Structure formats: structure tokens, C-alpha cells
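Engineer:
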């Protein structure tokens, strides 16, 4: 089809054609072509500005096996596919279908990228994509889509604009498997991310989930928690997890360079979460990596205990303000006079101080 330069089809499907010389492709409901058919077209469209592919097809699709073969045995044509003018890249496909494609596609790091990697891979292939190589700040969201029974984990960045979605579906994937997220760094690894903002946690994650997530961000120095904790506080369990170093010494399993942890206002944390926070930061302090800045932590403790002791505290703003100032003064005295021996001591001080007004 040499006279066609742009194809945009959203709701309907089209049989695959040997397109050439295209500058814009948006086929978001495309039946899965064979790997060789897809590569043939991509190599003949070097001037693409926008590439959007939603490749539908399960593991029983006739063409699915061609992508597994390309991942492991390689194909006859393994040279990179260069898209020097690409500004927008969208790929939604089974993880095993996306793997051999992402390995070949090369485009400017400033391009806007959306990847939707669906289901657990049948075969593990490691081939880190360069779309997020220069990313230093990212946000994380986890939510459950009840209508389609899908668990979605999303990592987002602003500069460049990148969204990576990992999806698991009940009845298709091993939904309750603690190792369900072991593959999330196979194709995309946020190795340069230094600041992580956790924006949404609407579905409980295992401790092992957090270990898999945080392990792909080894340069992380700051975490901003801007969400409630869904179910058990497994995030802090993961941050406190230790492993054995080369000389047999204990060392942190993830985020060894973490120096800042910020708690944002407006979210509720239960006693179990508070206890996990204290244990986590105390453990990291013992290993010499206590966060230098723990913004909002004292306020979290004060708010939790005040609400427990004074259910009516929202109606007595002046009294609460005075109490908060007193507590902060007590904590300051602890820091200056006692040398701030541990976070546990700080928490005990706050707890005992609040009990004086019961």
C-alpha cells in the first residue's frame, strides 16, 4: 500500500497488510500478526512520527509462538529498527509479545512512551528498554479494575513522559502468587530513578511485591508516600528486609541509598502501619542508613494518637494546636538533650506524653 501514509483505527479491527512508508500508525485493536510480518512493516517505515499498536491475541493465538521463537532463538533479521523522528510510542501486548519488539525498537529518549505489558510471561527474557534510561523521578500507582478483574501496577514519569503498565488478570495469571511481580524489571528497569512518589495503593501488595518493585530502582534516595496503606504495611517490611553481604555482614535488600522519606498530609495510618514504620527506620538506622529526612513522620504519630485519645479533636482546634506544640517541644528536647537515641524512644516519648491528658 505505497500511497498510504497514515493509518488510524481505534474501535474496529483490520487484517494485517504489508504497509510501507507510513508516518503515523495507530492500530489499537489489531489481531496479532506474525513476528516477521510486523518487523517487515516496521523496517519499511523509518519516518514514523507516531507508532501505536494494541496487539490482541492470547497464548493460544496461531502467531503467538513466533514471538517466543524470536525472543530465544532469534530471527534472521535481528538488527535494530531505528525511528529517529518518533515522538509518540504506544505498545499494548502480552509480555511475551512485547519482549522481542522492545529489544529491536530504537528511538529518541525524549519520545513519549506508553507500554502496557499484560500477563505473566511464559518465558523470562531480560532485555532492558532504553525508554527510561535517563529518568530520575517516577510515580507509582497500584489499583484493581473490578469489572475486568485486573490488577494494574503503573510507573509514570514526566520528563520524558513515560507510562509503564503491568497487568495481571484473575483466572489467567497466578494472581495470588507472591512471585507474581518477579518479571517487572525484565523489559523496563528504572535504574536511574532517585525520587519515587507513591501516589495510589488501592490494592494490597505482598512484601515480595515491594522487593521486586524497589529492586529495579537501586539509585533511589527519596520516597514520598502520598497514599494510605492498603491492608498490611508491607512496604515498610520490604524496606527493613536484610540480606547477607559478600563478607557475611547484614545489609539492606533494597534501597541502600535511601536518605529521605516524606509522609504527605491527609492520609490515615493505623497502629500496625505506625509500628512497621518505626521498626523499619530503626532497622535501617542500625545498619547506618537511617533516612536523613523523615518529613511528616512526627505529625503522623501525633495525629494518630490524638485521634485515638480525643475522637472530638476536630471540634477543638485550639486545644489540639496547643497539644501538638507541646508534643513537638518534647520531641525537640529529646533530640537536643538525649541525643536522639532511637526512633523507638521518640515514639515512646510521644505516646507517654499523650497519655498524660487522658
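In the working numbering, the protein residues as written are 1314 to 1671. We put the CB at the ideal spot given by N, CA and C, even for glycine. Computed from a predicted model, the values in this text were never measured in an experiment.
Confirm, please, whether the CB-CB distance from residue 1581 to residue 1541 is below 7 Å.
Structural biologist: Residue mapping note: residue 1541 aligns to position 228 of the chain shown, counting from 1. Residue mapping note: residue 1581 aligns to position 268 of the chain shown, counting from 1. Against a cut-off of 7 Å, the Cβ pair of residue 1581 and residue 1541 comes out as a contact.
Engineer: Spell out the partners DSSP gives residue 1672 in its beta bridges.
Structural biologist: Here the chain has residues from 1314 to 1671 only, and residue 1672 is not among them.
Engineer: Could you tell me which whole alpha helix (DSSP H) segments of length 4 or greater appear in the segment 1512-1595?
Structural biologist: Runs found: 1520-1528 and 1547-1552.
Engineer: In three-state DSSP terms, what is residue 1454?
Structural biologist: Along the chain shown, read from residue 1 onward, the residue named residue 1454 stands at position 141. Here residue 1454 sits in strand by DSSP.
Engineer: Hey, would you say residue 1452 sits closer than 7 Å to residue 1469, going by beta carbons?
Structural biologist: By 1-based counting over the chain shown, the position of residue 1452 is 139. By 1-based counting over the chain shown, the position of residue 1469 is 156. A contact, by the Cβ cut-off of 7 Å.
Engineer: Between the C-alpha atoms of residue 1450 and residue 1493, what's the straight-line distance to the nearest angstrom?
Structural biologist: As a working note, residue 1450 is residue 137 in the chain shown. As a working note, residue 1493 is residue 180 in the chain shown. Cα to Cα, residue 1450 sits roughly 25 Å from residue 1493.
Engineer: Quick check on this structure: which residue in 1425, 1397, 1515 and 1499 has the alpha carbon closest to the alpha carbon of residue 1437?
Structural biologist: By one-based count along the chain shown, residue 1437 stands at place 124. Residue 1437 has its Cα closest to that of 1499, out of 1425, 1397, 1515 and 1499.
Engineer: Could you check what DSSP says for residue 1293 in three-state terms: helix, strand or coil?
Structural biologist: A question about residue 1293 goes unanswered here, because the residues of the chain that appear run from 1314 up to 1671.
Engineer: As a quick exercise: from 1466, 1536, 1375 and 1555, pick the residue whose alpha carbon is nearest that of residue 1514.
Structural biologist: For the purposes of this step, residue 1514 is taken as residue 201 along the chain shown, with counting starting at 1. Nearest C-alpha to residue 1514: 1466.
Engineer: Output the boundary residues of the alpha helix (DSSP H) element that contains residue 1352.
Structural biologist: As a position in the chain shown, residue 1352 is number 39, starting the count at 1. Run containing residue 1352: 1348-1356, per the alpha helix (DSSP H) assignment.
Engineer: Grouping DSSP H, G and I as helix and E and B as strand, with all else coil, what is residue 1486?
Structural biologist: Working through the chain shown from its first residue, we reach residue 1486 at position 173. The answer is strand: DSSP assigns residue 1486 an E or B state.
Engineer: Quick check on this structure: which residue in 1488, 1473 and 1392 has the alpha carbon closest to the alpha carbon of residue 1353?
Structural biologist: Here residue 1353 refers to the residue found at position 40 when the chain shown is read from its first residue. Among 1488, 1473 and 1392, the Cα nearest to that of residue 1353 is on 1392.
Engineer: Closest to residue 1509 by CA distance: which of 1516, 1523 and 1338 is it?
Structural biologist: Here residue 1509 corresponds to residue number 196 of the chain shown, with the count starting at 1. The shortest Cα separation from residue 1509 among 1516, 1523 and 1338 belongs to 1523.
Engineer: At the level of alpha carbons, what is the spacing between residue 1490 and residue 1333?
Structural biologist: Here residue 1490 refers to the residue found at position 177 of the chain shown. Here residue 1333 refers to the residue found at position 20 of the chain shown. Going from the Cα of residue 1490 to the Cα of residue 1333 covers about 43 Å.
Engineer: Is DSSP giving residue 1337 helix, strand or coil here?
Structural biologist: As a position in the chain shown, residue 1337 is number 24, starting the count at 1. In the structure shown, residue 1337 sits in a strand (DSSP, three-state: E or B).
Engineer: Leaving aside the five residues before and after residue 1650 along the sequence, list all residues of the same chain whose C-beta is less than 6 Å from its C-beta, in chain order.
Structural biologist: Counted from its first residue, the chain shown places residue 1650 at position 337. Note that residue 1650 has pLDDT 43, beneath the 50 cutoff, so the model's placement of it is unreliable and no number is given.
Engineer: Given a threshold of 16 other Cβ atoms within 10 Å of its Cβ, counted over all protein chains shown, does residue 1530 qualify as buried or as exposed?
Structural biologist: Counted from its first residue, the chain shown places residue 1530 at position 217. Buried, by the Cβ-count rule.
Engineer: When you compare each of 1339, 1341 and 1396 to residue 1357 by their alpha carbons, which one comes out closest?
Structural biologist: Counting from 1 along the chain shown, the entry for residue 1357 is found at position 44. For residue 1357, the nearest C-alpha among the options comes from 1396.
Engineer: Whole angstroms are fine: how far does the CA of residue 1318 sit from the CA of residue 1415?
Structural biologist: As a working note, residue 1415 is residue 102 in the chain shown. As a working note, residue 1318 is residue 5 in the chain shown. Going by the C-alpha atoms only, they are around 23 Å apart.
Engineer: Assuming residue 1519 contacts residue 1547 under a Cβ cut-off of 8 Å, what Cβ separation, rounded to an integer in Å, is found between them?
Structural biologist: For the purposes of this step, residue 1519 is taken as residue 206 along the chain shown, with counting starting at 1. For the purposes of this step, residue 1547 is taken as residue 234 along the chain shown, with counting starting at 1. Yes, they are in contact, since the Cβ atoms of residue 1519 and residue 1547 sit about 6 Å apart, within 8 Å.
Engineer: Nearest-angstrom Cα distance between residue 1551 and residue 1366?
Structural biologist: Numbered from 1 along the chain shown, position 238 holds the residue referred to as residue 1551. Numbered from 1 along the chain shown, position 53 holds the residue referred to as residue 1366. Going from the Cα of residue 1551 to the Cα of residue 1366 covers about 36 Å.
Engineer: Starting from the Cα of residue 1512, find the closest Cα among 1526, 1537 and 1527 and give me that residue.
Structural biologist: One-based indexing of the chain shown puts residue 1512 at position 199. Considering only alpha carbons, the answer is 1537.
Engineer: By a C-beta neighbour count over all protein chains shown, 10 Å radius and 16 as the cutoff for buried, is residue 1343 buried or exposed?
Structural biologist: Counting from 1 along the chain shown, the entry for residue 1343 is found at position 30. So residue 1343 ends up on the buried side.
Engineer: Can you give me the start and stop residues for the alpha helix (DSSP H) that residue 1417 sits inside?
Structural biologist: Residue mapping note: residue 1417 aligns to position 104 of the chain shown, counting from 1. Residue 1417 -> alpha helix (DSSP H) spans 1408-1417.
Engineer: Return yes when the Cβ of residue 1362 is within less than 7 Å of the Cβ of residue 1330, no when it is not.
Structural biologist: Position 17 of the chain shown, counting from 1, holds the residue named residue 1330. Position 49 of the chain shown, counting from 1, holds the residue named residue 1362. Result no, Cβ atoms of residue 1330 and residue 1362 do not sit closer than 7 Å.
Engineer: Residue 1411 and residue 1381: beta carbons closer than 7 Å?
Structural biologist: Taking the first residue of the chain shown as 1, we reach residue 1411 at position 98. Taking the first residue of the chain shown as 1, we reach residue 1381 at position 68. Cβ atoms of residue 1411 and residue 1381: not closer than 7 Å.
Engineer: Between 1408, 1432 and 1394, which lies nearest to residue 1421 when the distance is taken from Cα to Cα?
Structural biologist: The residue given as residue 1421 occupies position 108 in the chain shown. That would be 1394, whose Cα lies nearest to the Cα of residue 1421.
Engineer: What do you get for residue 1423, buried or exposed, if any count of 16 or more other CB atoms within 10 angstroms of its CB means buried?
Structural biologist: Counted from its first residue, the chain shown places residue 1423 at position 110. Looking at its Cβ environment, which holds fewer than 16 other Cβ atoms inside 10 Å, residue 1423 is exposed.
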